[in-house]
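Just so we're aligned: the sequence shown equals residues 322 to 628 in my numbering.
The beta carbon of each residue, even a glycine, is placed where N, CA and C say it ideally should be.
Since the model is a prediction, treat every value here as computed from it, not as a measurement.
The next block holds one structure in the form of C-alpha cells; read it before the comments.
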Amino acid sequence: MDWLDVIKSIIYGIIEGVTEWLPISSTGHLILLERLLPFKAGETAVSNAKFFSFFLIVIQLGAILAVVVTFWRELWPFPRKRLAVPAKSRDDFVPFRLGQTPFVVDKRILRLWWIILIACVPAAIIGLLFDEQIEAIFYNPWTVAIMLIVVGVAFYVVEHGLKKTKKIPRIVSIEQIDWRIALIIGLFQVVAAVFPGTSRSGATILGGLMIGMSRPVATTFTFYLAVPVMFGASLLKLLKIGLDYNLIQWLSIFVGMGVAYLVSILVIRFLLNYIRKRDFRIFAYYRVALGCIVLIAAIAGFFKTPV
C-alpha cells in the first residue's frame, strides 16, 4: 500500500476547494494533476484509474458540505418554531406540527428549491443518458485546454462589454429568478457537464452575466446549484463504480473531502467579497494562460501514458 496517496489527497483537496468555486474548472485541474501526482495504492493501473474516477467526483462532497454550511439559513426551509418568525413576514410561512412541536415551512425557500431543480434538469438528463460516453470522448487534456481558453475569452468579452456599456443588471436578487431564467442557466450548465475545462461555476456565472444578473446574484445562484448537481453526480458515480477500495484509498477519499471542505469555506467567502467591487477578468486571464500551457504540454506529449 502506498501511504503517499494520503499526502497526495491533501493536495487534491486544496485544488478542489479552490477551483470548484472560482470559475477556472476543478475537473480540468484535477485531470491535469492526476498526470503529475497519480494515485498508486491500487493493485493495478486499471484499479488506480477506477479509483481516481471515483475520487474525482466524491471529493466534491466536501465542497458541497461547505455550501450547505455557508448558506444553511438561505437553503433550509423549516424554521423550528413559528414564534421565531417575524410577524411582518408571517404570510411567507405555512405552519405545521411534528408531534407536539410547532414548525413552519418558508414558501420563499421552497420556491427557490423549485427554481434550483429546474436549472438542474438539463444537466441531469445529459448525465444520466451519456455519462460514460462523455467521459470516454471528452475527458482529455485537449478538451481541457480548449475550453479553458474559450471560456476565458468569453469571460473577458462579456466583462469588457459590461464595463464599456455600463449596463445596469436587471436581476439583482435571487427572488427575481423565475423558471425561464433558471432553465437558461441550466443550459449553460450542460456545457460544463459535457466539456471538462469549462467550469460548472464558470459556465453558470457567465450565463448569468449574459442574461442580466448582477455578479453577486450569478455567483450565489451558482453556489446553490452546486448542491443537487454535485451530490447527484457523486451518487451516480457511486452506483456505477462501487465501493471496492482498500484502506489507503478510503483514507485518501476522506482526507481529500475534509481538506476540500475547509478550503471551500474560505474560497466561497473570498469570492463573495471579491466580486462586490471587482469583475471576473482576472480569472479570464488565468484561464487563457493555463489553457495555453496545457495545450503546449499536450502537443509536446506530456500527457501521454508511459508505455
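Using CA coordinates, which residue listed in the options is at the minimum distance from residue i?
{"i": "Thr540", "options": "Val548, Leu557, Ile526", "result": "Ile526"}
{"i": "Ile437", "options": "Pro490, Leu508, Phe417, Gln421", "result": "Leu508"}
{"i": "Ala387", "options": "Glu341, Ile352, Asp427, Ser494", "result": "Glu341"}
{"i": "Pro533", "options": "Arg521, Ser494, Ile331", "result": "Rather than Pro, the amino acid found at residue 533 in this sequence is Gly. If we check each option's Cα against that of Gly533, Ser494 comes out closest."}
{"i": "Trp571", "options": "Ile458, Gly528, Ile380, Thr348", "result": "Ile380"}
{"i": "Ala384", "options": "Ala547, Leu357, Tyr607", "result": "Ala547"}
{"i": "Leu433", "options": "Lys598, Val390, Gln497", "result": "Gln497"}
{"i": "Lys625", "options": "Val609, Leu592, Leu357", "result": "Leu357"}
{"i": "Met551", "options": "Lys484, Leu396, Ala445", "result": "Ala445"}
{"i": "Phe375", "options": "Asn461, Arg429, Phe459, Leu351", "result": "Leu351"}
{"i": "Ala503", "options": "Trp435, Pro549, Val472", "result": "Trp435"}
{"i": "Thr464", "options": "Ile586, Tyr582, Thr348", "result": "Thr348"}
Work out the CA separation of residue j and residue i for me, nearest whole Å.
{"i": "Ala408", "j": "Phe414", "result": "In this prediction, Ala408 has a pLDDT of 47, which is less than 50 and means its spatial position is unreliable; what the coordinates show is noted afterwards. If you take the alpha carbons of Ala408 and Phe414, they lie about 10 Å apart."}
{"i": "Ile614", "j": "Ile620", "result": "10 Å"}
{"i": "Leu560", "j": "Glu456", "result": "16 Å"}
{"i": "Ser535", "j": "Tyr595", "result": "13 Å"}
{"i": "Ala370", "j": "Leu556", "result": "18 Å"}
{"i": "Leu530", "j": "Asn567", "result": "45 Å"}
{"i": "Asp600", "j": "Glu480", "result": "7 Å"}
{"i": "Arg602", "j": "Ile345", "result": "11 Å"}
{"i": "Leu404", "j": "Ile505", "result": "Summary for Leu404: the model assigns pLDDT 45, below 50, so the residue's position carries little reliability; its value from the coordinates is reported in the next sentence. For Leu404 and Ile505, the distance between alpha carbons rounds to 38 Å."}
{"i": "Phe623", "j": "Gly518", "result": "18 Å"}
{"i": "Ile470", "j": "Ala618", "result": "14 Å"}
{"i": "Ile378", "j": "Leu564", "result": "13 Å"}
{"i": "Val512", "j": "Ile447", "result": "10 Å"}
{"i": "Tyr607", "j": "Leu343", "result": "11 Å"}
{"i": "Pro359", "j": "Phe392", "result": "34 Å"}
{"i": "Ser396", "j": "Leu325", "result": "The amino acid at residue 396 is misidentified as Ser; the sequence shows Leu. Cα to Cα, Leu396 sits roughly 38 Å from Leu325."}
{"i": "Ala440", "j": "Pro549", "result": "10 Å"}
{"i": "Gly482", "j": "Ala524", "result": "17 Å"}
{"i": "Leu382", "j": "Asp452", "result": "19 Å"}
{"i": "Ile489", "j": "Ala475", "result": "19 Å"}
{"i": "Phe604", "j": "Tyr477", "result": "9 Å"}
{"i": "Ile430", "j": "Leu419", "result": "19 Å"}
{"i": "Val584", "j": "Trp500", "result": "32 Å"}
Suppose contacts are defined by Cβ-Cβ distances below 7 Å. Is residue i in contact with residue j by that definition?
{"i": "Gly612", "j": "Ala466", "result": "yes"}
{"i": "Ile331", "j": "Leu354", "result": "no"}
{"i": "Val426", "j": "Phe399", "result": "yes"}
{"i": "Met528", "j": "Gly334", "result": "The question names Met, but residue 528 in the sequence shown is Gly. Cβ distance not < 7 Å, so Gly528 and Gly334 don't count as in contact."}
{"i": "Ser573", "j": "Val327", "result": "yes"}
{"i": "Thr543", "j": "Ser522", "result": "yes"}
{"i": "Met468", "j": "Phe516", "result": "yes"}
{"i": "Val389", "j": "Gly473", "result": "no"}
{"i": "Ile492", "j": "Val538", "result": "yes"}
Can you tell me whether residue i is helix, strand or coil according to DSSP?
{"i": "Arg521", "result": "helix"}
{"i": "Pro416", "result": "strand"}
{"i": "Arg403", "result": "Here Arg403 scores only 49 on pLDDT, less than 50, and its place in the model is too uncertain to base an answer on."}
{"i": "Pro359", "result": "coil"}
{"i": "Tyr566", "result": "coil"}
{"i": "Lys409", "result": "Residue placement at Lys409 is flagged as unreliable, the pLDDT there being 46, under the threshold of 50; the coordinate-derived value follows with that caveat. Lys409 falls in the helix class under three-state DSSP."}
{"i": "Ile447", "result": "helix"}
{"i": "Gly622", "result": "coil"}
{"i": "Phe397", "result": "Before going further, note that residue 397 is Trp rather than Phe in the sequence given. In this structure, Trp397 counts as coil in the three-state DSSP scheme."}
{"i": "Ile498", "result": "coil"}
{"i": "Asp600", "result": "coil"}
{"i": "Asn461", "result": "coil"}
{"i": "Ile345", "result": "coil"}
{"i": "Phe516", "result": "coil"}
{"i": "Trp324", "result": "coil"}
{"i": "Phe392", "result": "coil"}
What does DSSP give as the partner residues of residue i in its beta bridges?
{"i": "Phe423", "result": "The sequence as given places Pro at residue 423; Phe does not occur at that position. According to DSSP, which records beta bridges pairwise, Pro423 is partnered with Arg418."}
{"i": "Ile492", "result": "Met534"}
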